[in-house]
Each structure stands twice: as C-alpha cells, then as structure tokens.
Amino acid sequence: MSPATRHPVAKTKAARGDTGANPGFEATLKRLIMVKRVLRKYGYPPDKQEKATQTVLEQAELLSELWAA
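This is how it looks when you write it as structure tokens:
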C-alpha cells in the first residue's frame, strides 16, 4: 500500500474526530465506508479491491488503537 493511500485515511479520521475509542459495530461500518471511498478515489482495480480493503482496514484498526491510548 502506498503512503499516498494511507494518508487520506488518517486525514479523514482526524477530520471526523474518530479516534477509534468506540470499537462498536457502527464505528466499524463507518471505517469500512471511509476505506472504500479512499480506495475508489485512488482507483483500485475491482479484482484486488477486497484485499486492498482488508489491508487498509487492518491499518485503520492499528491506528485507532494507537490513537485511543
């Protein structure tokens, strides 16, 4: 994953004030929607979209743990 893709996810999370402190279902859905928007913006191919989505979600979860601490 390129740094250009990781930055918009972090920037979007910071702008929304989402620190990951609420690890509930609703927060997970919001992260999924945000990740899919970033992936679409950077034109990930459909055949690799699921793997890219999972990678970005894993990174977002790691970041949310750091931000919550």
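For the sequence shown, the numbering used here assigns the number 7 to the initial residue and increments by one for each residue that follows.
Even for Gly, the Cβ is constructed at its ideal location relative to N, Cα and C.
Kindly indicate the opening and closing residues of the alpha helix (DSSP H) around residue i.
i     : result
LYS47 : 31 to 47
ALA66 : 55 to 74
Would you report the Cα separation of residue i and residue j, rounded to the nearest angstrom?
i     : j     : result
ARG46 : GLY30 : 25 Å
SER70 : ARG37 : 10 Å
GLU56 : LEU35 : 15 Å
VAL44 : ALA33 : 17 Å
LEU68 : ILE39 : 17 Å
Are there 16 or more other CB atoms within 10 angstroms of the CB of residue i, so buried, or fewer, so exposed?
i     : result
TYR48 : exposed
Leaving out five residues before and five after residue i in sequence, what residues of the same chain have Cβ atoms less than 7 Å from its Cβ?
i     : result
VAL41 : VAL15, THR59, VAL62, LEU63, ALA66
TYR50 : ALA58
For residue i, collect the residues of the same chain with a Cβ closer than 6 Å to its Cβ; drop the 5 residues on either side in sequence, then sort them by chain order.
i     : result
ALA75 : none
Does the beta carbon of residue i sit closer than 8 Å to a beta carbon anywhere in chain B?
i     : result
ALA74 : Chain labels in this structure do not include chain B; a single protein chain is all it has.
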